[in-house]
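Asker: Quick one: the structure is below, and I'll ask about it shortly.
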Amino acid sequence: RKEVEQDPGPFNVPEGATVAFNCTYSNSASQSFFWYRQDCRKEPKLLMSVYSSGNEDGRFTAQLNRASQYISLLIRDSKLSDSATYLCVVNRGSTLGRLYFGRGTQLTVWP
Amino acid sequence: DTAVSQTPKYLVTQMGNDKSIKCEQNLGHDTMYWYKQDSKKFLKIMFSYNNKELIINETVPNRFSPKSPDKAHLNLHINSLELGDSAVYFCASSQQLFSSYEQYFGPGTRLTVT
């Protein structure tokens, strides 16, 4: 079983739509959770960390459910510039610095 | 003002050759990493160094040898290149070793082995 599983999509949504991505992780000892964004043929960049109580950054909301080992990302009022691949990233609690990346969910926002 | 830079950006070479990829970060970070992103887009860690010391050495063929001359540089040398080595290689850095810190990625080196 992979460390991090994501639905690869693609998700194709109109501007202004709300879209949600989900991710599950296999290691219950994981301590740190992130969403990274990767534009086509570019490097991944941190979008936001995910905290236990859930957190919001503008139009983006991240949730963590430790019991179900499940992470989500909600994007409200989608913009064309949100088109990218969204990577769910989890550490393995016992291994310093080692992050596990999901294969990403591809989002295309159309006008 | 590039934070993490890699050279070259593109590398096309034949099977059996030896090649190197260089990485530099000007963020003052202690930890640097090499990742491989294959054609299925999975990003997998290969190595990490903390203050020039090897910390993570994932199950990678020993044809791959990282070298960190100082904490701002982490190079990757690949011997006897194979077709399966074709991928995008990303260098990254983080302030410290702990995985709660954001990792900053370089622009990637697209390696094609023919």
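Protein sequences appear in the order of chains A and B. Count along the first sequence starting at 1, add 2, and that's the number in the working numbering. Count along the second sequence starting at 1, add 250, and that's the number in the working numbering. Virtual Cβ for every residue (Gly too), placed ideally from N, Cα, C. Here the structure is a predicted model, which is why all the values come from computation and not from measurement.
#1: Which residue comes first and which comes last in the beta strand (DSSP E) that contains B/T359?
#2: What does DSSP give as the partner residue(s) for B/I306 in the beta ladder?
#3: Report the three-state DSSP secondary structure of A/D59 (helix, strand or coil).
#4: Taking only the alpha-carbon atoms, compute the straight-line gap between A/C25 and A/T63 and give it to the nearest angstrom.
#5: Give me, in chain order, the residues of the same chain whose beta-carbon lies closer than 6 Å to that of A/Y72; leave out the 5 immediate sequence neighbours on both sides.
#6: Look at the alpha carbon of A/N13 and the alpha carbon of B/D320, and state the distance between them as a whole number of angstroms.
#7: B/S255 touches chain A at which residues, Cβ-Cβ below 9 Å?
#8: Could one say the Cβ of B/Y274 lies closer than 8 Å to chain A's Cβ atoms, at least one of them?
#9: Within the 8 Å Cβ cut-off, does A/N122 reach chain B?
#10: Taking B/H323 as the reference, which of B/S349, B/L304, B/F292, B/K294 has the closest Cα?
#11: May I have the straight-line CA-CA distance separating B/N300 from B/Q346, to the nearest angstrom?
#12: Can you list, in chain order, the residues of its chain with a C-beta nearer than 6 Å to that of A/F103? Leave out the 5 residues immediately preceding and following it.
#13: Identify the contact partners of A/N93 in chain B, using a Cβ-Cβ distance below 7 Å as the criterion.
#14: Would DSSP call B/S315 helix, strand or coil?
#15: Return the CA-CA distance between B/N312 and B/S330, expressed in angstroms with no decimal places.
#16: How about A/G106 and A/Q33: do their beta carbons lie closer than 8 Å?
#17: Taking Cβ positions only, does B/K291 come closer than 8 Å to chain A?
#18: What does DSSP give as the partner residue(s) for B/K286 in the beta ladder?
#19: Which residue or residues does DSSP assign as beta-bridge partners of B/F348?
Answerer: Judging by the given coordinates:
#1: Your numbering for residue 359 of chain B matches position 109 in the second sequence. Start and end: 359-363.
#2: Along the second sequence, read from residue 1 onward, the residue named residue 306 of chain B stands at position 56. Paired residue(s): B/S298.
#3: Taking the first sequence and counting its residues from 1, one reaches residue 59 of chain A at position 57. Three-state DSSP puts A/D59 in a strand.
#4: The residue you call residue 25 of chain A lines up with position 23 of the first sequence. The residue you call residue 63 of chain A lines up with position 61 of the first sequence. Distance between the alpha carbons of A/C25 and A/T63: 14 Å.
#5: The count along the first sequence starts at 1 and reaches residue 72 of chain A at position 70. The residues are T26.
#6: For this step, residue 13 of chain A is matched to residue 11 along the first sequence. For this step, residue 320 of chain B is matched to residue 70 along the second sequence. A small fix is needed here, since residue 13 of chain A is Phe in this sequence, not Asn. Approximately 43 Å between the Cα atoms of the pair.
#7: Reading the second sequence from its first residue, position 5 is the one you call residue 255 of chain B. Going along chain A, no residue has its Cβ under 9 Å from B/S255, so there is no contact; the nearest lies around 11 Å.
#8: Mapped onto the second sequence, residue 274 of chain B falls at position 24. The amino acid at residue 274 of chain B is misidentified as Tyr; the sequence shows Glu. With 8 Å as the cut-off, B/E274 does not count as an interface residue toward chain A.
#9: With chain A represented from 3 up to 113, any question about residue 122 of chain A goes unanswered, as that position is not in the structure.
#10: Position 73 of the second sequence, counted from the first residue, corresponds to residue 323 of chain B. Considering only alpha carbons, the answer is B/L304.
#11: Within the second sequence, the letter at position 50 stands for residue 300 of chain B. Within the second sequence, the letter at position 96 stands for residue 346 of chain B. Computed Cα separation, rounded: 8 Å.
#12: In the first sequence, counting from the first residue as 1, residue 103 of chain A sits at position 101. So the list reads L89, V91, once near-sequence residues are dropped.
#13: Position 91 of the first sequence, counted from the first residue, corresponds to residue 93 of chain A. Residues of chain B passing the Cβ test: S349.
#14: As a working mapping, residue 315 of chain B is identified with position 65 in the second sequence. If DSSP states are grouped into helix, strand and coil, B/S315 belongs with the strands.
#15: Residue numbering aside, residue 312 of chain B sits at position 62 when the second sequence is read from its first letter. Residue numbering aside, residue 330 of chain B sits at position 80 when the second sequence is read from its first letter. Those two C-alpha atoms are separated by around 10 Å.
#16: The sequence position of residue 106 of chain A within the first sequence is 104, counting from 1. The sequence position of residue 33 of chain A within the first sequence is 31, counting from 1. In this structure, A/G106 lies away from A/Q33, with their beta-carbon atoms at least 8 Å apart.
#17: Locating residue 291 of chain B in the second sequence gives position 41, where the first residue counts as 1. So yes, B/K291 belongs to the interface.
#18: By 1-based counting over the second sequence, the position of residue 286 of chain B is 36. B/K286 is bridged to B/K294, B/Y339.
#19: Taking the second sequence and counting its residues from 1, one reaches residue 348 of chain B at position 98. BP columns for B/F348 are empty, so no partner.
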